[in-house]
Structures are given as C-alpha cells and as structure tokens.
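Numbered per numbering that gives the first Met the number 0, the sequence shown spans residues 0 to 154.
See below for the structure under consideration.
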Amino acid sequence: MTVTEKVAYLKGLAEGLAIDTETKEGKLISAIIDTLEEMAYELEDLSENALDLGDELDALSEDMSDVKEILFGDDDDEDEYDNDDDDDDDNCCGGDDDCCCDDEYAYEVTCPSCNEDIVIDEEDLENGAITCPKCGEKLEFEFDEDDEADAEEKE
0 MTVTEKVAYL KGLAEGLAID TETKEGKLIS AIIDTLEEMA YELEDLSENA
50 LDLGDELDAL SEDMSDVKEI LFGDDDDEDE YDNDDDDDDD NCCGGDDDCC
100 CDDEYAYEVT CPSCNEDIVI DEEDLENGAI TCPKCGEKLE FEFDEDDEAD
150 AEEKE
C-alpha cells in the first residue's frame, strides 16, 4: 500500500466515523489528514521525478560512452606510452629545441641494457638504429612498410 493509499484510507475512516469538523479536535484531525494528503502527493511526485532523473542519467551515461568511444576509440586500457614519472621538464627531451616529440610521430622505446626510456622519431626508425644516450648501446630497429600500412588502416 502506497502512502497516498494509506492517507486516502485515513480520510475515508475519518468520514466514516463522522468526525465533527466543527469541534476543536475534529478541526485538528481534519487538518492533519489534509496535510498528510498533500505530503503524500508531494512524495509521489518526488518519487516519479527521481525515477525520471535516473532514466535521464542512464541515457546520458550511454551517450557519454558513445562520445568517448568516438573521440578516444575503443581503448579502455591505460595508454602504454603514458609515463607518470617523467621529469618536470617542458618536454621529453629536457627543453631541447630539436626535440623529436615535436615531430608528427614519436615512439618510446626502452633500452634493453640500461632500461632507459628513449623517444625516437620516424627518421630514427627509417635509419634502422640509434645509440642509447645513457649507456651508448646500439639499438637496431626493423621497419617494415607493411606494418605502416596496417597501422594507417587501423586509424
């Protein structure tokens, strides 16, 4: 039984008992029942509004998921190139004006000898090798044109 139904029952009960609304007690009981009735209707409206808001929030959440997928792709994993322990330099190369990060494509690799993260660009890949700036180890890369075509198709 809802609150509105309970108040309607009380109102009917009061009418059935023929409570005299001209006496002090009758006026009080009548006013209490009228107040309860108004509160029950307000409560019912609030409940309906809460359900409507919940439905709207669900719809907005679905829309935001669609927008996220359109903007960022279907990648829910952390960015594999995200490095939270970077130095506080202006960019990855410590403020170097010839920074490879300014190029259209930059890649991060880890030196197998010293575990230093190194940022390389397409030119380094095309050359096929670089020297680790920390330990001097020569790092060689194999660059296949088919890999580049596959990567462009995925974008």
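By construction, the Cβ of each residue, glycine as well, lies at the ideal position given by its N, Cα and C atoms.
Here the structure is a predicted model, which is why all the values come from computation and not from measurement.
1) May I ask which residues mark the beginning and end of the alpha helix (DSSP H) holding THR3?
2) Go through its chain and collect everything with a Cβ distance to ALA128's Cβ below 8 Å, but skip five positions before and after it.
3) Are the beta-carbon atoms belonging to GLU107 and VAL118 less than 8 Å from one another?
4) Closest to THR3 by CA distance: which of LEU42, LYS23, LEU16 is it?
5) Start and end of the beta strand (DSSP E) containing LYS137?
6) Short check: CB of LYS133 to CB of GLU121, under 8 Å?
7) Any idea what DSSP makes of ASP19, helix, strand or coil?
8) Is it buried or exposed for VAL66, if we count other Cβ within 10 angstroms and need 16 for buried?
9) Quick one: grab the DSSP three-state call for GLU115.
Reading from the atomic positions:
1) 2-15
2) LYS137, LEU138, GLU139, PHE140
3) Yes. Within cutoff.
4) THR3 has its Cα closest to that of LEU42, out of LEU42, LYS23, LEU16.
5) 137-139
6) no
7) coil
8) exposed
9) Reduced to three states, the DSSP call for GLU115 is coil.
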